[in-house]
Amino acid sequence: MKIDYLQALKRAPEARGAWVIHGQEPLLEQNLLRVFREYWQAQNIERQRFDLNNASDWKNVFVALNSLSLFSTQLAVEVHGNIKPDAQSLKQLKHFIQHNQDNLLLIAMPKQDASSLKSSFIQTVEANGVLVTLAANYPKDRLNILKVEAEQLQIQLDHDAWQWLEQHHEHNLLAAKNSLMRVADTFPDTQLIQIEHLQQCLQDQSRYSSFDLSDALIAGNFSQSIKILQYLLESGEAPSLILWTVSKEMRLLMQLFEQPQNALQLGIWKNKVGHYQQALRRLQPQQFLTWPALLRRVDAAIKGMSAENPEHILQLCVAQLCGQTLFK
Numbered sequence: 001m002k003i004d005y006l007q008a009l010k011r012a013p014e015a016r017g018a019w020v021i022h023g024q025e026p027l028l029e030q031n032l033l034r035v036f037r038e039y040w041q042a043q044n045i046e047r048q049r050f051d052l053n054n055a056s057d058w059k060n061v062f063v064a065l066n067s068l069s070l071f072s073t074q075l076a077v078e079v080h081g082n083i084k085p086d087a088q089s090l091k092q093l094k095h096f097i098q099h100n101q102d103n104l105l106l107i108a109m110p111k112q113d114a115s116s117l118k119s120s121f122i123q124t125v126e127a128n129g130v131l132v133t134l135a136a137n138y139p140k141d142r143l144n145i146l147k148v149e150a151e152q153l154q155i156q157l158d159h160d161a162w163q164w165l166e167q168h169h170e171h172n173l174l175a176a177k178n179s180l181m182r183v184a185d186t187f188p189d190t191q192l193i194q195i196e197h198l199q200q201c202l203q204d205q206s207r208y209s210s211f212d213l214s215d216a217l218i219a220g221n222f223s224q225s226i227k228i229l230q231y232l233l234e235s236g237e238a239p240s241l242i243l244w245t246v247s248k249e250m251r252l253l254m255q256l257f258e259q260p261q262n263a264l265q266l267g268i269w270k271n272k273v274g275h276y277q278q279a280l281r282r283l284q285p286q287q288f289l290t291w292p293a294l295l296r297r298v299d300a301a302i303k304g305m306s307a308e309n310p311e312h313i314l315q316l317c318v319a320q321l322c323g324q325t326l327f328k
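The letter at position 31 of the sequence shown is residue 31 when you use full-length UniProt numbering, and the numbering goes up by one with no holes.
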């Protein structure tokens, strides 16, 4: 079954079997995963997470799916990566789908191209489970998604303000949501947000943005990247949004290393392909193996699940992307 992002939000509480979510819209992935995790926590559903580094990691996924703890009746296994199961793991997937009653296998992947969508793995999930494409290709789609965000923040925008917001952020949903959060905090008693409110609220963040951070990271400009990171944190940018910027660049570089001929299919703009290729040349492949764990540390620190300082680990991520050593 194929469904879109908004349909997936509604169906998340009833999700069972195998789900694949894929796309290059970090806001949509972040929101959907949050809905799943909040539901699992509320229902006391056991959750396990796996990050795929090679095909053999799928064995651990299916071992987990067949081994509930003594205190759990349901299990949600969350898998992240762009490695499809081999023939043996695909058989295990089919067996899980056919015999599963209560558990969920949720697989989060980057955007899949046309050939990948025709693979046996994706076809199996689409035929027997749920395939969610995290995309907002048309203005109407982006508007509907952002209206849901505005409703959650308990604000309303007039027609012109919506148009200005999308044009200002060049269709970047994550940046647009950040602006909605800012305007909601700045004008808590305003019933209808207009262009003037957005302009007044956002002019203070015009010095640097997450786009500037991305450009500095890919250019390997360590001092500029740290400067922008500090500015964003001091100006109130949510650490989780900064994490999405950093993780997006890390994922793109790892994917480009594995698929050097598929830069455009991975979502890299044509005029920036050279910059990403140059970034790969200054980095060591061994570094990529440490990045998933590093990103998990940031996520845990932001959520208060560890004693580490989120800012310090974000600085470490910046150093890694720039090919620098922060601590010796």
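Here a beta-carbon is modelled for each residue, glycine too, at the ideal position from N, C-alpha and C.
| field | Residue nearest to L33 in terms of C-alpha spacing, selected from A127, K10, T245 and A176 | value | Within the sequence shown, the letter at position 33 stands for residue 33. L33 has its Cα closest to that of K10, out of A127, K10, T245 and A176.
| task | Return the CA-CA distance between H95 and Q7, expressed in angstroms with no decimal places. | result | Along the sequence shown, one-based indexing puts residue 95 at 95. Along the sequence shown, one-based indexing puts residue 7 at 7. In a straight line, the C-alpha of H95 is about 26 Å away from that of Q7.
| request: Compute the Euclidean distance between the alpha carbons of L65 and L232, then round it to the nearest angstrom. | output: Stepping through the sequence shown from its first residue, residue 65 is reached at position 65. Stepping through the sequence shown from its first residue, residue 232 is reached at position 232. Those two C-alpha atoms are separated by around 40 Å.
| said: Quick check on DSSP: helix, strand or coil for E308? | reply: By 1-based counting over the sequence shown, the position of residue 308 is 308. Correct three-state label for E308: coil.
| Buried or exposed: S120, going by 16 or more other Cβ atoms within 10 Å of its Cβ? | Within the sequence shown, numbered from 1, the residue matching residue 120 stands at position 120. Burial call: exposed.
| request: May I ask you to report which of helix, strand or coil DSSP gives L257? | output: Along the sequence shown, read from residue 1 onward, the residue named residue 257 stands at position 257. Before going on, a small fix: residue 257 reads as Phe here, not Leu. Three-state DSSP puts F257 in a helix.
| request: Out of Q98, Q200, E249 and I155, state which residue places its alpha-carbon closest to the alpha-carbon of G129. | output: As a first step, residue 129 is located in the sequence shown; it is residue number 129 there, counting from the start. For the set Q98, Q200, E249 and I155, the Cα lying nearest the Cα of G129 is the one of Q98.
| field | Cross-strand partners of R142 (DSSP beta bridge) | value | Here the question's residue 142 lines up with position 142 in the sequence shown. DSSP lists no partner for R142.
| field | V61 versus F50 - alpha carbon distance | value | Counting from one through the sequence shown, the residue named residue 61 turns up at place 61. Counting from one through the sequence shown, the residue named residue 50 turns up at place 50. CA-to-CA, the gap between V61 and F50 works out to about 7 Å.
| Which residue or residues does DSSP assign as beta-bridge partners of R37? | Counting from one through the sequence shown, the residue named residue 37 turns up at place 37. Partner(s): none; R37 has no beta bridge.
| CA-to-CA distance, K118 to N100, given in whole angstroms | Within the sequence shown, residue 100 is the residue found at index 100, counting from 1. Within the sequence shown, residue 118 is the residue found at index 118, counting from 1. Looking at the two C-alpha atoms, the distance is approximately 24 Å.
| Excluding the five sequence neighbours on either side, which residues of its own chain have a C-beta within less than 7 Å of the C-beta of K328, listed in chain order? | Taking the sequence shown and counting its residues from 1, one reaches residue 328 at position 328. Residue placement at K328 is flagged as unreliable, the pLDDT there being 48, under the threshold of 50; the coordinate-derived value follows with that caveat. For K328, where only same-chain residues beyond five positions count, there are no Cβ hits under 7 Å.
| query | What whole-angstrom Cβ distance do residue 329 and L321 have, given they're in contact under 8 Å? | reply | The shown model of the chain, from 1 to 328, leaves out residue 329, and the question about it has no answer.
| So the beta strand (DSSP E) I228 belongs to, where does it begin and stop? | Walking along the sequence shown from the start, residue 228 turns up at place 228. Where I228 is concerned, there is no enclosing beta strand (DSSP E), although the alpha helix (DSSP H) it sits in stretches over F222 to E234.
| query | Of the choices L93, A135, V125 and Q88, whose alpha-carbon is the least far from that of P110? | reply | Position 110 of the sequence shown, counting from 1, holds the residue named residue 110. Taking only the C-alpha atoms, the option nearest P110 is A135.
| request: Following the continuous beta strand (DSSP E) through E126, name the residue where it begins and the one where it ends. | output: Within the sequence shown, numbered from 1, the residue matching residue 126 stands at position 126. Looking at the DSSP string, E126 is not in any beta strand (DSSP E); the run it does join, the alpha helix (DSSP H), is S120 to N128.
| query | Expressed to the nearest angstrom, what Euclidean distance is found between the alpha-carbon atoms of R142 and Q163? | reply | Taking the sequence shown and counting its residues from 1, the one referred to as residue 142 is at position 142. Taking the sequence shown and counting its residues from 1, the one referred to as residue 163 is at position 163. Approximately 11 Å, taken between the alpha carbons.
| query | How long is the line joining the alpha carbons of Y5 and A219, rounded to whole angstroms? | reply | By one-based count along the sequence shown, residue 5 stands at place 5. By one-based count along the sequence shown, residue 219 stands at place 219. Near 33 Å, if we compare the C-alpha coordinates of A219 and Y5.
| field | Cross-strand partners of Q48 (DSSP beta bridge) | value | Here residue 48 refers to the residue found at position 48 of the sequence shown. Beta-bridge pairing links Q48 to V77.
| query | Do I155 and V183 have their CB atoms nearer than 8 Å? | reply | In the sequence shown, the residue the question calls residue 155 occupies position 155. In the sequence shown, the residue the question calls residue 183 occupies position 183. The answer is yes: Cβ separation under 8 Å.
| Where the beta strand (DSSP E) containing W19 begins and where it ends | As a working note, residue 19 is residue 19 in the sequence shown. Taken as a continuous stretch (DSSP letters only), the beta strand (DSSP E) holding W19 covers G17 to G23.
| query | Fully enclosed by the stretch 162–216, which alpha helix (DSSP H) runs are 4 residues long or longer? | reply | If we require 4 residues or more, the alpha helix (DSSP H) runs fully inside the stretch 162–216 come out as 173–186 and 195–202.
| request: Return the chain-ordered list of same chain residues with a C-beta closer than 7 Å to the C-beta of G304, the five sequence neighbours on each side being excluded. | output: Within the sequence shown, the letter at position 304 stands for residue 304. Closer than 7 Å at Cβ, skipping near neighbours: no residue.
| said: What does the alpha-carbon distance come out to for the pair G81 and H275? | reply: Within the sequence shown, the letter at position 81 stands for residue 81. Within the sequence shown, the letter at position 275 stands for residue 275. Between the alpha carbons of G81 and H275 lies a gap of roughly 24 Å.
| Do L213 and L180 have their C-beta atoms within less than 8 Å of each other? | Position 213 of the sequence shown holds residue 213. Position 180 of the sequence shown holds residue 180. No, these two residues do not count as a Cβ contact at 8 Å.
| task | Compute the Euclidean distance between the alpha carbons of I45 and V148, then round it to the nearest angstrom. | result | Residue numbering aside, residue 45 sits at position 45 when the sequence shown is read from its first letter. Residue numbering aside, residue 148 sits at position 148 when the sequence shown is read from its first letter. C-alpha separation (whole angstroms): 26 Å.
| Around the C-beta of N271, are 16 or more other C-beta atoms found within 10 angstroms, so that it is buried, or is it exposed? | Here residue 271 refers to the residue found at position 271 when the sequence shown is read from its first residue. Flag for N271 reads exposed.
| task | Tell me whether K91 is buried or exposed, calling it buried when 16 or more other Cβ atoms sit within 10 Å of its Cβ. | result | Position 91 of the sequence shown, counted from the first residue, corresponds to residue 91. So K91 counts as exposed.
| request: Kindly indicate which residue of L314, R297 and L202 has the alpha-carbon position closest to the one of residue 329. | output: Lying before the first or after the last residue shown, residue 329 is absent from the chain, which here runs from 1 to 328.
| query | By the 10 Å Cβ neighbour count, where 16 or more other Cβ atoms means buried, how is Q282 classified, buried or exposed? | reply | As a position in the sequence shown, residue 282 is number 282, starting the count at 1. This sequence places Arg at residue 282; Gln is not what is there. So R282 ends up on the exposed side.
| message | DSSP three-state label for K328, please. | response | Within the sequence shown, residue 328 is the residue found at index 328, counting from 1. Reliability of the predicted coordinates at K328 is poor, the pLDDT of 48 falling under 50, and the value obtained from them is presented with this limitation in mind. DSSP places K328 in the coil class of the three-state scheme, outside both helix and strand.
| CB contact flag (Q287, I226, <8 Å) | Position 287 of the sequence shown, counting from 1, holds the residue named residue 287. Position 226 of the sequence shown, counting from 1, holds the residue named residue 226. Result no, Cβ atoms of Q287 and I226 do not sit closer than 8 Å.
| said: Could you give the first and the last residue of the continuous beta strand (DSSP E) run that contains I107? | reply: As a working note, residue 107 is residue 107 in the sequence shown. That run of the beta strand (DSSP E) goes L104 to P110.
| query | Quick one: what's T133 bridged to in DSSP? | reply | As a first step, residue 133 must be located in the sequence shown, where it is residue number 133. Answer is D4 and H22, bridged to T133.
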